Amino acid sequence: MFEKSLYDLIRGLRANKGNERNYILESLKECRNEAKSQDLDIKATAILKLIYLDMFGHDMSWASFHALEVMSSPKFRQKRVGYLAAVQSFRLDTDVLMLTTNLIKKDLYSPSVPEMSLAINGLSHIVSPSLAADLAPDLVTKLTHSSPHVRKKAVPVLYKCFLQSPELLRTCWPRLRECLNDEDSSVVSATVNVVCELARRNPKNYLPLAPQLFKLLTEGGNNWMTIKLIKLFATLTPLEPRLVKKLVPPITNLIRTTPAMSLLYECISGLISGGLLAGIQDTDEGEELASVCVTKLRGFLVEGDSNLKYVGLIALTKLVNTHTHLVCQHHDVVLDCIDDNDISIRYRALELVVGMVNADTLSDIVGKLMRQLKPPSTQEYVELEETGADSSEDEDDMQEEVMHPRKTQRGEMIPLELPEDYKHAIIVKVLEMCSRDMYANVADFEWYLDVLIQLVRYAPAVQILDKDADDGEEEDEYEEMVKKRDVGEAIGRELQNVAIRVKSVRPEAVRCAEMLVCGRDGVFPAAGGGGKRVLGAAGWIVGEYASLLTDPSTTFDSLVQSSSSSLPSDILARYIQAVAKIYASLTGSELLTWTPERKTYVTLLTERIIRFLEPLTTSPHLEVQERAVEFMELFRLASEAIAAQPAAREEAEEQYDPPLLLTQAIPSLFSGQELNPVAPRAQRKVPLPPGLDLDEPINPNLHDLLVAADYDTSLISEDDAEDEEFRNYYYTKPTAAAPVKNQPAVLGIDSAAAKSTASSYQGVNEEDYLDADILARRRRERQERNRDDPFYIFTPGETESITDADLESIPVLELKLDDMPDASSATTNLNPPAPRRRKERVQIVADEGIEGADGDKEVSEEEATTSHRRKGRKKGLLQVDASGLVGYSLDEEKESMKNDAKTEMAKREVEKLRREMELVAERMEVQRRSAEEGKKEKKKTKIKMPKKEEDGTTTEKKKKKAKAKDGEVEGKKKKTVKRKKKEVVVAEASIS
Amino acid sequence: MISAVLVFNNNGQPRLVKFYSQIDISLQQRLLKQIFSLVSNRPASACNFLPLPPLLAGSNSWNTSDADEPITLLYRHYATLYFIVISDSLESPLGLLDLIQVFVQALDQLFENVCELDLIFNFETLHATLEEMVVGGCVVETDLNKIVACVRESEKVLKKGHGMRPGGSGSSGVGGIGRGGFMGGDLGIAFITWIEGWVCSSNGGEEEEEEEEEEEEEEEEEEEEEEEEERRRRRMEARNNERDITN
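For the protein sequence lines, the chains are A and B, in the order given.
Under this note's numbering, the final residue of the first sequence carries the number 993; numbering is consecutive throughout.
Under this note's numbering, the final residue of the second sequence carries the number 435; numbering is consecutive throughout.
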């Protein structure tokens with residue numbers, strides 16, 4: 002049989018165009034046979050072909066044993082193929098992995114450098130914990146190999162070993178550390194690289210290296226290494242603030258002198274991410290350095306290279322939180338980037354701009370962003386209409402025209418089709434910008450409401466990722482995903498927030514919600530069905546503030562129309578609630594007399610509700626079903642009550658009151674205290690009433706009841722219908738169930754945000770992003786508002802109203818400087834609103850919580866834990882598992898503490914022995930003393946004796962004898978002590 | 189750390205797939221497809237940073253500031269080939285762009301005028317070159333000359349044993365004729381007219397026709413090739429001077 006070479010395979014693939022699948026399968030079959038061949042050459046060729054096909058997605062893991070055979074070939078050519086196969090296809094669970102140990106070990110000691118580097122590189126891909134443990138010592142010997150080529154490759158592989166078995170780090174670290182002094186710059190660079198990776202996991206270990214690394218930094222050299230060193234220091238500085246002072250001069254020097262853009266960028270980025278700039282923020286030096294950085298970054302943005310623009314924006318985004326004012330100085334170039342042709346750059350600019358907004362720039366930036374959302378076709382339409390039919394442009398708008406000459410070529414400014422993702426991001430960011438710090442930057446809430454409505458119209462189609470991935474998706478899950486993806490949800494939340502918090506514009510907000518609910522079909526973009534989820538919030542608002550509705554009956558009609566039932570279940574549930582609320586406000590008035598017309602009207606309304614709810618009582622969604630059933634029964638009762646109550650004409654003598662159920666019972670379900678925003682954690686602070694055991698079942702026979710209910714369903718519903726008291730008890734204030742989603746709590750803001758009298762501060766014309774109808778209304782409102790403003794110059798169409806006004810009647814405002822609301826104390830806004838604007842106090846209701854304080858600490862703690870949990874759960878696809886190295890200390894003491902129990906026991910034993918020894922020693926001492934005393938007595942007697950005997954020599958002898966005796970005793974004592982000591986030593990040795 | 193280095197051509201066919209962490213092969217292919225669809229839609233003037241494909245991004249494709257370990261995905265486009273590098277935040281993005289440049293330059297020197305076919309038929313050398321530069325995700329060498337020297341040395345060892353197949357195409361006669369500006373990225377597409385074979389395309393016959401057309405063009409262009417070559421070298425030098433990180 003003639004074997005195909007790789008070359009033949011590739012040519013064959015080309016020749017079999019259109020039929021590759023079969024050709025590949027056939028080739029794979031051939032390879033399978035060839036791989037079993039005894040001839041290593043054939044085997045190697047087969048493996049090579051398999052590697053090639055592996056690249057196209059044809060798994061070759063079945064050939065791992067053959068790959069191993071080829072790896073062990075003595076020929077370099079075949080060995081290389083084998084190692085390549087291992088690198089590309091072996092995984093941690095490949096079973097032949099354990100057979101590679103000796104092979105790699107052998108190759109590591111190969112006399113040929115290429116072979117050795119094959120083994121080293123191969124190991125870097127396939128290393129497993131056991132391979133790491135077995136081969137790390139061999140790798141360490143490679144750190145001192147004569148060839149720098151081997152040394153530099155061995156260093157990263159050691160890191161890979163550490164990842165697999167962290168305890169190796171401790172034994173290998175001293176040798177690895179020496180590599181920082183290597184004479185070859187590549188080896189040092191590789192080592193710095195590895196230290197940088199290690200330091201990310203546990204920076205504390207590498208602080209002692211700081212002087213050495215600092216020396217490397219100042220000596221300069223390879224740009225790659227310098228970049229890594231800066232990154233490394235950025236991870237070390239948070240632990241050692243003193244480093245900041247030391248690092249600033251060399252890095253500043255690098256920024257000023259380096260010709261390499263990448264190094265310049267990394268220096269700036271390192272200064273920011275290492276917290277260096279933040280660390281020296283208050284000093285003059287820090288301020289100067291920061292401004293140097295920002296100026297350089299501006300250079301990145303205007304330089305023309307799109308890559309530099311991209312990274313420049315990233316760096317500015319990091320900086321904007323600490324140095325907002327500096328970044329804001331470059332407002333102009335950043336805003337240019339928002340309109341960049343490159344979508345990547347737009348995204349970055351968008352992210353940056355969120356941090357940059359303040360009260361002055363908000364409407365400008367929001368306008369700019371929204372202009373991008375405007376579809377080109379409607380844009381033309383609006384322009385035509387405005388230039389033709391409506392020539393009465395406001396004066397300030399005209400001025401804008403001059404300031405933005407590009408407006409004329411607006412169509413060309415957005416040549417590229419924006420991806421829906423990007424539109425989504427814009428809307429989310431606009432909302433984020435506006436709602437930041439409890440609407441600190443929003444001066445004009447009417448404008449904000451208009452923006453919200455416009456955003457609904459611009460809402461992109463909802464994209465479901467991986468929708469085709471699993472077709473058997475549950476409807477609920479699908480809805481859940483739509484909920485997450487549809488910006489309508491977020492817009493609705495904002496609408497709801499404004500309606501609740503800002504009482505002064507509540508009627509406006511209700512009007513908006515009304516418009517959304519009624520004009521459902523005209524409001525939303527035709528394609529894609531994006532933004533529909535705003536109806537949830539809108540439905541809630543029209544219900545809750547039903548008294549503020551301009552046209553309650555129309556709203557009521559749109560709510561109960563049959564198409565509503567096709568809405569997502571949670572929105573539908575809110576609709577049911579809203580219908581009941583509007584009904585209550587329509588019919589609940591006690592003042593109106595109960596005339597036959599009224600009676601028919603109310604009967605009609607009730608009937609319509611019942612007809613609306615009837616099909617919903619069998620809805621598969623529990624929430625909808627439950628609410629429908631409950632309200633259904635209530636309205637049936639109401640309908641009975643209405644029918645029972647006779648009506649009389651107004652002129653009739655006998656007047657009847659409307660049924661009590663209508664005027665008292667139903668309204669009382671919904672009226673009561675106003676709903677206020679409640680802090681998310683307020684519930685937790687409600688003290689548990691004494692005697693309430695939440696774990697105790699309310700009805701111990703619940704299970705039996707449920708079983709019984711299964712058999713006798715009719716019974717339950719009958720009971721329910723009858724027991725109205727029961728129902729009222731459970732359904733007082735059901736509105737509390739409507740989720741009030743709040744922004745994170747900030748302390749009460751008594752915002753002194755001003756309302757703009759004129760829009761001259763705006764950089765963008767409103768008609769650029771708002772639709773014609775919204776604009777027309779705005780203009781009307783503005784005229785209304787400015788009727789008394791002497792500084793307002795009316796356009797020709799409106800001047801009639803004031804041409805004949807005499808000058809005397811123009812009110813002159815008296816300036817009271819003390820009267821100015823103290824903006825700085827009232828808001829967290831750093832930039833006080835421009836003084837030329839007329840101040841109007843906009844009250845923004847803050848979250849309610851128990852005892853005022855909401856416990857910020859608690860919040861942050863909770864966030865920390867959740868984010869930590871998230872960190873643990875989410876793992877990137879490409880992320881290397883380095884959890885073993887996180888917090889792994891190089892010091893052994895810490896580790897040994899882990900064997901606490903053992904050590905403790907051993908220590909106690911040692912202690913016991915020591916005490917025993919001491920006791921023995923003491924005893925000896927006592928003995929010795931007593932012996933000595935005894936001797937002394939003897940001596941005394943003996944001394945006396947010579948006096949008696951008068952014989953000097955004998956005393957001398959006896960003294961010597963006594964001394965000898967003494968020594969003997971002492972020797973014995975020493976011996977015992979020594980023995981005890983030995984025991985202690987042995988015990989200690991066994992412990993260590 | 190570099191997580192992956194990928195090379196694929198204008199049709200999304202892989203030419204080099206190297207992951208520095210162990211990933212399942214089907215995932216690799218999916219990721220490749222997603223990246224290709226991202227990269228192929230970009231205009232030439234756009235910057236070299238890519239948004240994250242759905243597989244890598246999870247829920248937030250752009251809010252890299254929120255991510256625990258932000259991932260950088262960057263690419264360079266040379267004539268028929270896209271070079272992709274995926275890395276974490278500890279690598280310098282601009283540095284990596286230069287690294288791709290060095291990689292391509294090294295290949296260009298090794299194959300004495302590299303074109304896509306060289307890389308197809310010598311993908312072992314392609315791997316070897318990358319191994320000289322990146323080991324286990326760490327950049328170990330950025331010096332062009334050292335890289336080329338090391339690869340050449342191991343090729344020499346290769347030839348010592350066997351002469352059955354030359355390593356570099358330059359010496360084999362599969363010469364890199366007919367390429368215009370692999371490095372420049374703006375000239376024609378490299379083709380070798382005597383090889384009727386092209387590598388399989390999973391997406392049908394459209395490509396074939398296109399190629400054949402281009403092949404004809406290529407013949408016409410052959411006369412201009414020397415000029416182009418000259419231009420290309422000059423441009424390459426200019427590039428090197430412009431932003432040279434390696435030295």
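Note that the Cβ used here is the ideal one computed from N, Cα and C, for glycine as well.
Model, not experiment: these values are computed from the prediction.
Do cysteine 338 of chain A and lysine 297 of chain A come within 8 Å of each other at the CB atom, strictly closer than that value? Taking the first sequence and counting its residues from 1, one reaches residue 297 of chain A at position 296. Taking the first sequence and counting its residues from 1, one reaches residue 338 of chain A at position 337. Note that the C-beta distance between lysine 297 of chain A and cysteine 338 of chain A is not below 8 Å.
Range of the contiguous beta strand (DSSP E) that encloses valine 203 of chain B: Along the second sequence, one-based indexing puts residue 203 of chain B at 15. Here the sequence assigns arginine to residue 203 of chain B, which means valine is not the residue at that position. Unbroken beta strand (DSSP E) run through arginine 203 of chain B: 202 to 207.
Could you tell me whether the Cβ of alanine 294 of chain B comes closer than 8 Å to any Cβ of chain A? Position 106 of the second sequence, counting from 1, holds the residue named residue 294 of chain B. Any Cβ of chain A closer than 8 Å to the Cβ of alanine 294 of chain B would place that residue at the interface, and such an atom is absent.
Tyrosine 24 of chain A and phenylalanine 311 of chain B look like a contact to me (Cβ under 8 Å); what is the Cβ gap, rounded to whole Å? Here residue 24 of chain A refers to the residue found at position 23 when the first sequence is read from its first residue. Here residue 311 of chain B refers to the residue found at position 123 when the second sequence is read from its first residue. A Cβ-Cβ distance of about 19 Å is found for the pair tyrosine 24 of chain A and phenylalanine 311 of chain B, leaving them out of contact under the 8 Å criterion.
For serine 274 of chain A, which residues from the same chain have a beta carbon less than 7 Å from its beta carbon, with the 5 sequence-adjacent residues on both sides left out? In the first sequence, the residue the question calls residue 274 of chain A occupies position 273. Its chain contains Ala235, Lys319 as the residues whose beta carbon lies nearer than 7 Å to that of serine 274 of chain A, once the 5 sequence neighbours on both sides are disregarded; these appear in chain order.
Chain-ordered neighbours of threonine 330 of chain B on chain A, where CB pairs are closer than 9 Å: By 1-based counting over the second sequence, the position of residue 330 of chain B is 142. Ordered by position in chain A, the residues that pass the 9 Å Cβ test against threonine 330 of chain B are Ser187, Ser190, Asn223, Asn224, Trp225.
Measuring straight from C-alpha to C-alpha, what distance separates asparagine 677 of chain A and glutamate 849 of chain A? In the first sequence, counting from the first residue as 1, residue 677 of chain A sits at position 676. In the first sequence, counting from the first residue as 1, residue 849 of chain A sits at position 848. Distance between the alpha carbons of asparagine 677 of chain A and glutamate 849 of chain A is about 7 Å.
Let me check understanding here. Comparing Cα to Cα, which of A:Leu638, A:Val245, A:Thr227 lies closest to methionine 262 of chain A? Position 261 of the first sequence holds residue 262 of chain A. Nearest C-alpha to methionine 262 of chain A: A:Thr227.
Residues that alanine 350 of chain A bridges to, as DSSP identifies them: Residue mapping note: residue 350 of chain A aligns to position 349 of the first sequence, counting from 1. Answer is none; alanine 350 of chain A lacks a bridge partner.
Between which two residues does the beta strand (DSSP E) carrying histidine 265 of chain B extend? One-based indexing of the second sequence puts residue 265 of chain B at position 77. Per DSSP, histidine 265 of chain B belongs to the beta strand (DSSP E) from 260 to 266.
Quick one: is proline 232 of chain B near chain A, going by C-beta distance under 8 Å? The residue labelled residue 232 of chain B in the question sits at position 44 within the second sequence. The question names proline, but residue 232 of chain B in the sequence shown is alanine. Not one chain A Cβ lies under 8 Å of alanine 232 of chain B.
For tyrosine 712 of chain A, count neighbouring Cβ atoms within 10 angstroms of its own Cβ and tell me buried if that reaches 16, exposed if not. Reading the first sequence from its first residue, position 711 is the one you call residue 712 of chain A. Within 10 angstroms of the beta-carbon of tyrosine 712 of chain A lie fewer than 16 other beta-carbons, which makes it exposed.
Can you name the start and end residues of the beta strand (DSSP E) that isoleucine 288 of chain B belongs to? Counting from 1 along the second sequence, the entry for residue 288 of chain B is found at position 100. For isoleucine 288 of chain B, no beta strand (DSSP E) segment is defined; the enclosing uninterrupted segment is the alpha helix (DSSP H) at 281 to 298.
Beta-carbon proximity of valine 328 of chain B to serine 113 of chain A, cut-off 8 Å: Counting from 1 along the second sequence, the entry for residue 328 of chain B is found at position 140. Counting from 1 along the first sequence, the entry for residue 113 of chain A is found at position 112. Contact flag unset, no.
Integer Cβ distance of isoleucine 121 of chain A from valine 82 of chain A, believed to fall under 8 Å: Your numbering for residue 121 of chain A matches position 120 in the first sequence. Your numbering for residue 82 of chain A matches position 81 in the first sequence. Not really, about 17 Å apart at Cβ, beyond 8 Å.
Check whether the stretch 532 to 550 of chain A and the stretch 505 to 520 of chain A are in contact - that is, three or more C-beta pairs closer than 8 Å. Yes, they touch.
Residues that alanine 286 of chain B contacts on chain A, provided the C-beta gap is smaller than 7 Å: Here residue 286 of chain B refers to the residue found at position 98 when the second sequence is read from its first residue. In the sequence as displayed, the identity of residue 286 of chain B is aspartate instead of alanine. For aspartate 286 of chain B, the chain A residues whose C-beta falls within less than 7 Å of its own C-beta are Ser263, listed in chain order.
Quick check: what's the CA-CA separation for proline 130 of chain A versus glutamate 198 of chain A? Start at 1 with the first residue of the first sequence, and residue 130 of chain A comes out as number 129. Start at 1 with the first residue of the first sequence, and residue 198 of chain A comes out as number 197. Going from the Cα of proline 130 of chain A to the Cα of glutamate 198 of chain A covers about 19 Å.
Could you confirm whether any beta carbon from chain B is found closer than 8 Å to the beta carbon of valine 334 of chain A? One-based indexing of the first sequence puts residue 334 of chain A at position 333. Judged by the 8 Å Cβ criterion, valine 334 of chain A is not in contact with chain B.
What is the rounded straight-line gap between the Cα of leucine 843 of chain A and the Cα of lysine 504 of chain A? In the first sequence, counting from the first residue as 1, residue 843 of chain A sits at position 842. In the first sequence, counting from the first residue as 1, residue 504 of chain A sits at position 503. Here residue 843 of chain A is valine; the residue named in the question, leucine, does not match the sequence. Per the coordinates, the alpha-carbon of valine 843 of chain A lies some 8 Å from the alpha-carbon of lysine 504 of chain A.
What residues in the stretch 289 to 318 of chain B have a beta carbon less than 8 Å from any beta carbon of chain A? Taken in chain order, the members of the stretch 289 to 318 of chain B whose beta-carbon sits within less than 8 Å of a beta-carbon on chain A are Ile308, Phe309, Phe311, Glu312, His315, Ala316.
Can you confirm whether methionine 906 of chain A, when its beta carbon is compared against all beta carbons of chain B, has any partner nearer than 8 Å? In the first sequence, counting from the first residue as 1, residue 906 of chain A sits at position 905. No, because no Cβ of chain B sits closer than 8 Å to the Cβ of methionine 906 of chain A.
Could you compute how far the alpha carbon of cysteine 294 of chain A sits from the alpha carbon of glutamine 210 of chain B? Taking the first residue of the first sequence as position 1, residue 294 of chain A is located at position 293. Taking the first residue of the second sequence as position 1, residue 210 of chain B is located at position 22. Whole-angstrom Cα-Cα distance: 39 Å.
Cβ of methionine 189 of chain B within 8 Å of any chain C Cβ: Of the chains in the structure shown, none is chain C; the protein chains are A and B.
In angstroms with no decimal places, state the Cα-to-Cα distance between leucine 204 of chain B and valine 323 of chain B. Walking along the second sequence from the start, residue 204 of chain B turns up at place 16. Walking along the second sequence from the start, residue 323 of chain B turns up at place 135. The straight-line gap from Cα to Cα measures roughly 16 Å.
Cβ neighbours of glycine 305 of chain A in the same chain (closer than 7 Å, five flanking residues each side left out): One-based indexing of the first sequence puts residue 305 of chain A at position 304. There are no such residues.
Check whether methionine 371 of chain A and histidine 332 of chain A have beta carbons under 8 Å apart: Locating residue 371 of chain A in the first sequence gives position 370, counting from the first residue. Locating residue 332 of chain A in the first sequence gives position 331, counting from the first residue. Taking C-beta atoms as the reference points, methionine 371 of chain A and histidine 332 of chain A fail to come closer than 8 Å.
Is the beta carbon of leucine 351 of chain A closer than 8 Å to that of isoleucine 269 of chain A? As a working mapping, residue 269 of chain A is identified with position 268 in the first sequence. As a working mapping, residue 351 of chain A is identified with position 350 in the first sequence. It is not a contact, given that the beta carbons lie outside the stated cut-off.
Where valine 503 of chain A falls: helix, strand or coil (DSSP): Residue mapping note: residue 503 of chain A aligns to position 502 of the first sequence, counting from 1. Here valine 503 of chain A sits in strand by DSSP.
Residue closest to proline 260 of chain A, alpha-carbon to alpha-carbon, out of A:Gly222, A:Glu241, A:Thr588, A:Phe77: Residue numbering aside, residue 260 of chain A sits at position 259 when the first sequence is read from its first letter. Ranking the options by Cα distance to proline 260 of chain A, first place goes to A:Gly222.
Minimum C-alpha distance to arginine 264 of chain B - residue among B:Asn301, B:Ile335, B:Cys235: Residue 264 of chain B sits at position 76 when you count from the first residue of the second sequence. Out of B:Asn301, B:Ile335, B:Cys235, B:Cys235 has the C-alpha closest to the C-alpha of arginine 264 of chain B.
Do we get a CB-CB distance below 8 Å when we pair glycine 537 of chain A with the residues of chain B? As a first step, residue 537 of chain A must be located in the first sequence, where it is residue number 536. With 8 Å as the cut-off, glycine 537 of chain A does not count as an interface residue toward chain B.
Integer Cβ distance of leucine 262 of chain B from leucine 238 of chain B, believed to fall under 8 Å: Working through the second sequence from its first residue, we reach residue 262 of chain B at position 74. Working through the second sequence from its first residue, we reach residue 238 of chain B at position 50. 7 Å between Cβ atoms; contact.
Within 10 Å of its beta-carbon, does leucine 689 of chain A have 16 or more other beta-carbons around it, so buried, or fewer, so exposed? The residue you call residue 689 of chain A lines up with position 688 of the first sequence. Leucine 689 of chain A sits exposed, since fewer than 16 C-beta atoms from the chains shown fall within 10 Å of its C-beta.
Residue-level contact to chain B via CB, tyrosine 160 of chain A, 8 Å cutoff: Here residue 160 of chain A refers to the residue found at position 159 when the first sequence is read from its first residue. Judged by the 8 Å Cβ criterion, tyrosine 160 of chain A is in contact with chain B.
Tell me the residue span of the alpha helix (DSSP H) that contains serine 275 of chain B. Residue mapping note: residue 275 of chain B aligns to position 87 of the second sequence, counting from 1. Run containing serine 275 of chain B: none in the alpha helix (DSSP H); it sits in the beta strand (DSSP E), 269 to 275.
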